[in-house]
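Asks: Got a structure for you, written out below as structure tokens; questions coming shortly.
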Amino acid sequence: MFIELHLMTNDPEVLRAMARMGYVAAASITRVRDEEDSGLLVMRKVQGPRRGGWGQFTVSYVVGNNRYALNKYITNDRVDVVTILPGREYPSRRQLAIMEGEGKYIELVLLPFLRMGLVNDLVKVASDVMDYSTRAVLSLGVGSMGDLKNPMDAAALLGMLTGDRGYWVRAVKDNPMALVVDSIYRSGVCS
């Protein structure tokens, strides 16, 4: 039962393949269409604090690659998750500790690091996240059929790079569902 939080496509073929691989939901960073035949719940992932009414269920996120800008969001109740993508800066250890205290989830998006050859950055960020957060979420960053991987393989890769496979298995299996449930309750869809 997997969840992809950084889906970059709404291609029906990709959505059906994800459903067959055991994904139950995905948060799209682009416009969401109803794909009735995919069998996959596709939510909206909205960058920054939510504005106005709720409409449909969303996961609100900020990209954590600017430490100064991140400071104003890590204590914002309307932000569900801080997404880490390749960049010049990554959240500091102090910021990660504050996010943990605030109950924020931290999403590490794997494939952009690998595509850009930033394995050392990935190892450093993943190690810092392991040290300071119990709420890590591992996303692939699926944009095409070629990006589809079993999330357990991604967990195994990060386990090999950081030395703790169990942490990343929990990040794949437990925390995405916890994030979705927390976000649903925060949005007022359920009470």
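Just remember that the working numbering sits 133 ahead of the position in the sequence shown, which is counted from 1. Each residue gets a CB set at the ideal place from its N, CA and C atoms; glycine is no exception. Note that this is a predicted model, so its numbers are computed, not measured.
Do Val305 and Met278 have their CB atoms nearer than 9 angstroms?
Replies: no
Asks: What are the start and end residues of the alpha helix (DSSP H) that includes Leu203?
Replies: 200 to 204
Asks: To the nearest whole angstrom, what separates the beta carbons of Val242 and Thr267, a pair I think is in contact under 8 angstroms?
Replies: No, Val242 and Thr267 are not in contact; Cβ-Cβ is about 19 angstroms, not under 8 angstroms.
Asks: Around the C-beta of Gly186, are 16 or more other C-beta atoms found within 10 angstroms, so that it is buried, or is it exposed?
Replies: Any reading at Gly186 needs caution, since the residue's pLDDT is 43, under 50, leaving its predicted position unreliable; the model's value is listed next. Exposed, by the Cβ-count rule.
Asks: Under 8 angstroms: do the stretch 291 to 299 and the stretch 218 to 233 share three or more Cβ pairs, one atom per stretch?
Replies: no
Asks: Taking Cβ to Cβ, would you say Gln334 is nearer than 9 angstroms to Asn204?
Replies: With the chain covering 134 to 324 only, the question about residue 334 has no answer from this structure.
Asks: If I'm right that Val313 touches Ala158 with Cβ under 8 angstroms, what's the distance once you round it to whole angstroms?
Replies: Contact flag correct, Cβ pair sits at about 6 angstroms.
Asks: Buried or exposed: which applies to Ala269, given that a residue is buried once 16 or more other Cβ atoms fall within 10 Å of its Cβ?
Replies: buried
Asks: Drop a sphere of 10 angstroms on the beta-carbon of Asp213, count the other beta-carbons inside from all chains shown, and report buried for 16 or more, exposed for fewer.
Replies: buried
Asks: Nearest to Leu273 by CA position, among Val258, Asp261, Arg248, Leu244, is which residue?
Replies: Leu244
Asks: Whose C-beta lies closer than 8 angstroms to the C-beta of Leu290 among residues of the same chain, with five residues either side of it excluded?
Replies: Leu243
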